[in-house]
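As numbered in this note's numbering, residues 35 to 279 make up the sequence shown, in order.
The beta carbon of each residue, even a glycine, is placed where N, CA and C say it ideally should be.
Just below is one structure, and these are the notes that go with it.
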Amino acid sequence: MQYPTTTSGEAWRPYCGPAPPFGEWRWNLDPVLLLLLAAATGLVLWRLEGRRRGYGLAAVAVLAFGFVSPLCALSSALFSARTVHHVLLVGVAAPLLAAALPVRRYGSLILATAVQAVVFWAWHAPDAYGAALSNDAVYWVMQISLLASAVWFWCAARSASAPAAVIALLAAMLAMGLLGAVLTFTGQAVYAPHAYSTLAWGLTPLEDQQAAGLIMWAPAAALYLFAALWRLGRMIGPDAEAHPA
């Protein structure tokens, strides 16, 4: 299968390989990636204990699912699948990694909240997204920066007071939901790498983009809302927090 081409005639060469045809479920068995995941698993088993070890192993499992399972290849075909992948990074793997780290101050919660939102929005700008799908180095800069900024945010929120954490989580929810709304109601498809790759999966590029927007707008934003409600419940419940958690 040929790669779709950019407007300059160059081929899109996403890290996860060319967009698969409908019904093809291709696994990513990159030996370097598998070695890194195995090393991360070993590090968790060596350095962490108890509940923190469980959180660390769960985070590695989520990362393995995102980068090794057929979701990786599917994200070359569908922007909505790429969105699921990014949501797994920032909304599932990142808080699990934060829970595996020790509770301490991680800098300004306001700054962490802003950086996470800016990084997420920036990589979903069409030009930046196109660059990530045409160069492996840029792709990994995108993935690492998304994960790192999200881990910082969740660490900062976890160590902050409950009222501050609730405000930050609601702000993150709004940032995610707003981007989702923009993508849902934009009247044209804006992601060139998926100009043709969605058709084999029964979606026009615009329908795929709108599905991605709805994923960000509802389930992805809801992750932050649920976390905010949990912290709020701990603050006002019978076992109210006596100190930042």
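Compute the Euclidean distance between the alpha carbons of residue i and residue j, then round it to the nearest angstrom.
i    : j    : result
L145 : G57  : 43 Å
N62  : A199 : 37 Å
S254 : V78  : Reading the sequence as shown, one finds Ala at residue 254 and not Ser. A254 and V78: Cα-Cα distance of roughly 27 Å.
G51  : R268 : 45 Å
I288 : D170 : The structure shown does not extend to residue 288, since the chain is modelled only from 35 to 279, so the question has no answer here.
Y89  : V121 : 18 Å
R192 : V137 : 7 Å
A262 : L204 : 7 Å
P160 : W80  : 41 Å
V134 : A156 : The identity of residue 134 in the sequence shown is Ala, whereas the question assumes Val. Their Cα atoms are separated by approximately 27 Å.
G43  : F260 : Because the pLDDT of G43 is 36, which lies under 50, any placement of that residue in the model is unreliable, and the number read from its coordinates should be weighed accordingly. Cα-Cα distance, rounded: 45 Å.
T41  : A53  : Low per-residue confidence applies at T41: pLDDT is 41, beneath 50, and the placement is therefore not dependable, though the value from the model is reported in the following sentence. Taking the straight line from one Cα to the other gives about 18 Å.
T117 : E83  : 32 Å
L181 : Y230 : 28 Å
M210 : A202 : 12 Å
Y225 : Y49  : 17 Å
T147 : Y140 : 12 Å
H228 : A92  : 31 Å
M33  : D64  : For residue 33 there is no data in the structure shown, the boundaries of the chain being 35 and 279.
My guess is that residue i and residue j are in contact by the Cβ rule of under 8 Å, so how many angstroms apart are they, rounded?
i    : j    : result
R85  : A196 : Not a contact, Cβ separation roughly 20 Å.
F101 : L67  : 6 Å
M250 : G214 : 3 Å
A223 : L240 : 4 Å
L97  : L71  : 7 Å
Q243 : F154 : In fact, because the Cβ distance is near 16 Å, the residues do not count as touching under 8 Å.
Answer yes or no: do residue i and residue j have a C-beta to C-beta separation smaller than 9 Å?
i    : j    : result
P55  : A234 : yes
T218 : A111 : no
A128 : V185 : yes
G125 : L257 : yes
W188 : L105 : no
S103 : Q150 : no
S168 : R47  : yes
A162 : Y173 : no
L123 : A190 : no
W59  : A95  : no
Considering just the uninterrupted stretch of the alpha helix (DSSP H) at residue i, what are its terminal residues?
i    : result
V102 : G84 to V102
A215 : A196 to F219
V149 : L143 to W157
D242 : P239 to I249
T75  : P65 to R81
A132 : A128 to A134
F113 : F113 to L122
C189 : D170 to S193
W264 : A255 to I270
Any beta carbon of chain C sitting closer than 9 Å to that of residue i?
i    : result
D161 : The displayed structure is made up of one protein chain only, and chain C is not part of it.
Could you tell me if the beta carbon of residue i falls within a distance shorter than 8 Å of some heavy atom in the ligand COA?
i   : result
R81 : With respect to small molecules bound, the structure shown includes none, and the ligand COA cannot be examined in it.
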